[in-house]
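Asks: Quick one: the structure is below, and I'll ask about it shortly.
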Amino acid sequence: DAKTTQPNSMESNEEEPVHLPCNHSTISGTDYIHWYRQLPSQGPEYVIHGLTSNVNNRMASLAIAEDRKSSTLILHRATLRDAAVYYCILRDKKTSYDKVIFGPGTSLSVIP
Amino acid sequence: DAGITQSPRHKVTETGTPVTLRCHQTENHRYMYWYRQDPGHGLRLIHYSYGVKDTDKGEVSDGYSVSRSKTEDFLLTLESATSSQTSVYFCAIKSGITEAFFGQGTRLTVV
Numbered sequence: 227d228a229k230t231t232q233p234n235s236m237e238s239n240e241e242e243p244v245h246l247p248c249n250h251s252t253i254s255g256t257d258y259i260h261w262y263r264q265l266p267s268q269g270p271e272y273v274i275h276g277l278t279s280n281v282n283n284r285m286a287s288l289a290i291a292e293d294r295k296s297s298t299l300i301l302h303r304a305t306l307r308d309a310a311v312y313y314c315i316l317r318d319k320k321t322s323y324d325k326v327i328f329g330p331g332t333s334l335s336v337i338p
Numbered sequence: 119d120a121g122i123t124q125s126p127r128h129k130v131t132e133t134g135t136p137v138t139l140r141c142h143q144t145e146n147h148r149y150m151y152w153y154r155q156d157p158g159h160g161l162r163l164i165h166y167s168y169g170v171k172d173t174d175k176g177e178v179s180d181g182y183s184v185s186r187s188k189t190e191d192f193l194l195t196l197e198s199a200t201s202s203q204t205s206v207y208f209c210a211i212k213s214g215i216t217e218a219f220f221g222q223g224t225r226l227t228v229v
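Top line first, the protein sequences correspond to chains Z and G. Numbering-wise, the first sequence is residues 227 to 338 according to this note's numbering. Numbering-wise, the second sequence is residues 119 to 229 according to this note's numbering.
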């Protein structure tokens, strides 16, 4: 399975944009890039996913490099509620039968 | 909520006793997963199911068994609980390549 690499932790000031990087240099052509986050004392929740093109939804934006070897989750205006662990995961689109393996993720702190 | 319920939410049990955790869904999703989460290790996959009576091992399956006799229920059993199985356990469901939905977790303490 292709692996992802993320920084262990990041800090952001409240109301400023946050760019969370993810490297996936061994990504295959059929891997989707998924992002989840886990708020304190809760289960993970889905944030966004993409394949090749940049994606936007109400929670965040996903910017995917042209060679697809890296991606960036963008929170446009960080709030205190965005303090969480963010996970970047690769999911093979050829099969829905995938294990959904998590790495250590990035712990985001938001400073008031 | 995504229609996924874990029970119990908290449990304290003694070493050597059997323990069963239940994951119940109302979404009719085909795939179900059990994870454990420990400080310093993040989320680790224990077992998963891709249909009724179809299950497979994940990353850390030793000491755990699972069963899925109905689409809506996925049971995780610790045959003989050990202190190393003290953890927070999460269940997840999904229908395909789409996003997975997670339960609120079960905090298990083995004393």
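Just so you know, even glycine gets a beta-carbon here, dropped at the ideal spot from N, CA and C. Keep in mind that this is a model prediction, so the values were computed, not measured.
1. Bridge partners for L334 (chain Z) per DSSP, in chain order?
2. Starting from V130 (chain G), trace the beta strand (DSSP E) both ways and give me its first and last residue.
3. Taking C-beta pairs closer than 7 angstroms, name the residues in chain Z that L139 (chain G) reaches, listed in chain order.
4. I'd like to know whether the C-beta atoms of L306 (chain Z) and E237 (chain Z) end up nearer to each other than 8 angstroms.
5. Measure the C-alpha to C-alpha separation of S167 (chain G) and F192 (chain G) and round it to an integer number of angstroms.
6. Give me the residue from G:T133, G:H142 and G:T135 with the minimum Cα distance to S185 (chain G).
7. Tell me whether H260 (chain Z) is buried or exposed, calling it buried when 16 or more other Cβ atoms sit within 10 Å of its Cβ.
8. For N283 (chain Z), which residues from the same chain have a beta carbon less than 6 angstroms from its beta carbon, with the 5 sequence-adjacent residues on both sides left out?
9. When DSSP labels each residue in this structure, what does S296 (chain Z) get in the three-state scheme?
10. Exposed or buried, which one is D293 (chain Z) when buried takes at least 16 other CB atoms within 10 Å?
11. When the distance is taken between beta carbons, is G169 (chain G) closer than 8 angstroms to E145 (chain G)?
Replies: Taking the definition as stated:
1. Start at 1 with the first residue of the first sequence, and residue 334 (chain Z) comes out as number 108. According to DSSP, L334 (chain Z) bridges with Z:M236 and Z:A310.
2. As a working mapping, residue 130 (chain G) is identified with position 12 in the second sequence. H128 to T131 is the span of the beta strand (DSSP E), which, as asked, contains V130 (chain G).
3. For the purposes of this step, residue 139 (chain G) is taken as residue 21 along the second sequence, with counting starting at 1. Going along chain Z, no residue has its Cβ under 7 angstroms from L139 (chain G), so there is no contact; the nearest lies around 14 angstroms.
4. Translated into the one-based positions of the first sequence, residue 306 (chain Z) becomes position 80. Translated into the one-based positions of the first sequence, residue 237 (chain Z) becomes position 11. No.
5. One-based indexing of the second sequence puts residue 167 (chain G) at position 49. One-based indexing of the second sequence puts residue 192 (chain G) at position 74. So the two alpha carbons sit approximately 8 angstroms from each other.
6. One-based indexing of the second sequence puts residue 185 (chain G) at position 67. If we check each option's Cα against that of S185 (chain G), G:H142 comes out closest.
7. Taking the first sequence and counting its residues from 1, one reaches residue 260 (chain Z) at position 34. The residue is buried, with at least 16 neighbouring Cβ atoms inside 10 Å.
8. To locate residue 283 (chain Z), count along the first sequence from 1; it is residue 57. Counting only Cβ-Cβ distances below 6 angstroms, and skipping sequence neighbours, we find I274.
9. As a position in the first sequence, residue 296 (chain Z) is number 70, starting the count at 1. Strand, per DSSP.
10. Against the first sequence, residue 293 (chain Z) aligns to sequence position 67. Looking at its Cβ environment, which holds fewer than 16 other Cβ atoms inside 10 Å, D293 (chain Z) is exposed.
11. Here the question's residue 145 (chain G) lines up with position 27 in the second sequence. Here the question's residue 169 (chain G) lines up with position 51 in the second sequence. Result no, Cβ atoms of E145 (chain G) and G169 (chain G) do not sit closer than 8 angstroms.
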